[in-house]
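Have a look at the structure below, then the notes.
Numbering (our numbering), first residue to last: 8 to 388.
Encoded structure:
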C-alpha cells in the first residue's frame, strides 16, 4: 500500500513537472511579449504591464485562445497607436475565434472599419459593426474572411463617398452572395463603381478614369431616366451612392438583358469585367441589399453569442487549461527568477526543475492537485 502511495506521488510530481516544463516555454513567450510591449509603449508602467499580464489569462481563456495570442494582439494594437489597445485586442481575439480568420486579417478588418468610418477606437462601435456583420454571415452563409478582405479594400472609398459601415457591409454581402468574386475582388469592384457614382477621376484597379469616362457613365444613367444630381435647399449636389443604385435598379430590372440602355450602362463602368458584374448584381439584387441592411440593424448581441459558442470547443478547453498552467507556474516561480531567465529557455527550465527542491513537495502537490482534477474533469467531459 505504501509503495502504491509513493508511486502515485512520484507519478503526480512527474506529471506536474512535465506540464510545468511546457508552461515554462509559454511563460517565456509571455514575458518576451510583455517586454516588447514595454519597448513599444514607454508610457506603460510596471504596474500596467503586471495588470495586462494578469488580465491576459482571463481574456484569452474567455475565447479559448492562448495567453500569447492575446498579448500579441495587444502589442500590434499598441504599435498602431491605438488608445484602447486591450479592448481592441480582445475584439481581435474574439473575431479570430468566432469567424476562424487569421490574426492579421482580423486586425486589418478592425483597423479598416475604425479608421475609415471614424470610430475613434470605440470598442462599442466596433462591436456593433461585428454584431451586424456576424448576423449577415450567419444568415446567408457568407465567408467572414471574404467580407473582411472586401471591407479592407473598399472602406476608404466608401467612407469618402458618404456611405456608412452598415451600407458598405450590406452592399459587400449582397455582392458576395450573388457573384463568384473573391473578397478583395468584390471590394475593389465596389470601390470602382463608387468612383463613377460620385464622379471622381483617378486610377482605380489599374484603370484610368477621366472626365470623358465619367461623362459616358452619367449619360448612360440619364438614358435610364436617372440623374446623378439633386437639388437640396437650392444647392445642386450628387445623390447618395445607394440612392442612385436604387433608382437605376427600378428601371434596369424592367429591361431585357439585351436592351441597349442596359448594356450601355454596364459598358460605361470600364473594361474591368468585375465592375460590370458587380454593378449588374447590385442592380438586380437591390431588394437583397435592403433586406441585409435591415438584418444588420437587428444584429445586436449576435457577435457575443457566436463568440461564446465558438469558445466552447475541445481546443478552447485545452487552451484554457494551458493558460491556467502557465499562470500557475508564473505564481509559483519567483518573478525575478523568471525575468532573469527570460533570455534563455534552459534558464527557465532550470528554475522549474528546482521548484520541488525549494518548496515542500507535498505542499506543491496540494497546490496543483485541484488543477489536475480539473484536467481529468475536462477529459471526461
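Here a beta-carbon is modelled for each residue, glycine too, at the ideal position from N, C-alpha and C.
Predicted, not measured: the structure shown is a model, and the values here were computed from it.
Checklist entry - What first and last residue would you give for the alpha helix (DSSP H) that runs through residue 69? => result First-last of the alpha helix (DSSP H) with residue 69: 53-69.
Item to check | Collapsed DSSP secondary structure at residue 35 in the structure displayed | outcome: helix
Item to check | Neighbourhood of residue 302 by C-beta, 7 Å cutoff - its chain only, sequence neighbours within 5 removed | outcome: 142, 143 and 146
Next on the checklist: Looking only at its chain, what residues have a beta carbon closer than 8 Å to the beta carbon of residue 235, apart from the 5 residues adjacent to it on each side?
Outcome noted: 204, 206, 225, 228, 245, 246 and 251
Item to check | Span separating the alpha-carbon of residue 308 from that of residue 270 | outcome: 43 Å
Checklist entry - Any idea if residue 74 is buried or exposed, counting beta-carbon neighbours within 10 angstroms, 16 or more meaning buried? => result With 16 or more Cβ atoms within 10 Å of its Cβ, residue 74 is classed as buried.
Next on the checklist: When you compare the stretch 156-172 with the stretch 113-131, are there three or more beta-carbon pairs, one atom per stretch, that lie closer than 8 Å?
Outcome noted: Touching, yes, given that three or more Cβ pairs across the two stretches are closer than 8 Å.
Next on the checklist: Let me confirm a value: residue 153 is counted as buried when at least 16 other C-beta atoms fall within 10 Å, else exposed. Which label applies?
Outcome noted: buried
Checklist entry - If residue 197 and residue 285 are in contact, beta carbons under 8 Å, what's the gap, nearest whole angstrom? => result Contact between residue 197 and residue 285 holds, with the beta-carbon distance rounding to 6 Å and staying under 8 Å.
Item to check | residue 214, DSSP secondary structure in three states | outcome: strand
Checklist entry - Of the residues 148, 305 and 297, which one's Cα is nearest the Cα of residue 174? => result The shortest Cα separation from residue 174 among 148, 305 and 297 belongs to 297.
Checklist entry - Under 8 Å, do residue 137 and residue 98 count as touching if we go by C-beta distance? => result Yes. Within cutoff.
Checklist entry - Can you tell which of 130, 36 and 61 has its C-alpha closest to the C-alpha of residue 76? => result That would be 36, whose Cα lies nearest to the Cα of residue 76.
Item to check | Integer-rounded CB distance, given that residue 103 should sit under 8 Å from residue 113 | outcome: 5 Å
Next on the checklist: Short of 7 Å in beta carbon distance, which residues of its chain neighbour residue 82, apart from the five on each side in sequence? Order them along the chain.
Outcome noted: 40, 43, 44 and 47
Checklist entry - Roughly how many angstroms separate the alpha carbons of residue 56 and residue 283, rounded to a whole number? => result Distance between the alpha carbons of residue 56 and residue 283: 52 Å.
Checklist entry - What are the partner residues of residue 257, as DSSP defines its beta bridges? => result Bridge partners of residue 257: none, in fact.
Item to check | Contacting residues, own chain, Cβ-Cβ under 7 Å from residue 209 (five flanking each side not counted) | outcome: 202 and 216
Item to check | Reduced DSSP secondary structure (H/G/I, E/B, other) of residue 50 | outcome: Residue 50: coil per DSSP, three-state reduction.
Item to check | The alpha helix (DSSP H) enclosing residue 208, as first and last residue numbers | outcome: Taken as a continuous stretch (DSSP letters only), residue 208 belongs to no alpha helix (DSSP H), as it is neither H nor E.
Checklist entry - Does the separation of the CB atoms of residue 214 and residue 279 fall below 8 Å? => result yes
Item to check | With 16 other Cβ atoms within 10 Å as the buried cut-off, status of residue 111 | outcome: Classification for residue 111: exposed.
Checklist entry - CB-CB under 6 Å to residue 272, same chain, minus the five flanking residues each way: which ones, in chain order? => result 227
Item to check | 6 Å Cβ shell around residue 256 - same chain, five flanking residues per side excluded | outcome: 290 and 293
Next on the checklist: Between which residues of its own chain and residue 84 is the CB-CB distance below 6 Å, once the five residues before and five after are set aside?
Outcome noted: 92, 95 and 96
Checklist entry - What are the boundary residues of the alpha helix (DSSP H) that residue 74 is part of? => result In the DSSP assignment, residue 74 falls within the alpha helix (DSSP H) that extends over 74-86.
Checklist entry - Do you know offhand how far residue 199's Cα is from residue 230's? => result 21 Å
Checklist entry - Leaving out the 5 sequence neighbours to the left and right, which residues in its chain are closer than 6 Å to residue 169 when beta-carbon positions are compared? => result 247
Checklist entry - Within this structure, are the beta carbons of residue 128 and residue 69 separated by less than 8 Å? => result no
Item to check | Under 8 Å between C-beta atoms of residue 149 and residue 133 | outcome: no
Checklist entry - DSSP on residue 277, reduced to helix/strand/coil? => result coil
Checklist entry - For residue 188, which three-state DSSP category applies? => result coil
Item to check | Distance CB(residue 100)-CB(residue 72) smaller than 8 Å | outcome: yes
Item to check | Distance CB(residue 181)-CB(residue 299) smaller than 8 Å | outcome: yes
Checklist entry - Whose C-alpha, out of 131, 218, 88 and 253, is nearest the C-alpha of residue 310? => result 131
Next on the checklist: Please state whether the Cβ-Cβ distance between residue 304 and residue 105 is less than 8 Å.
Outcome noted: no
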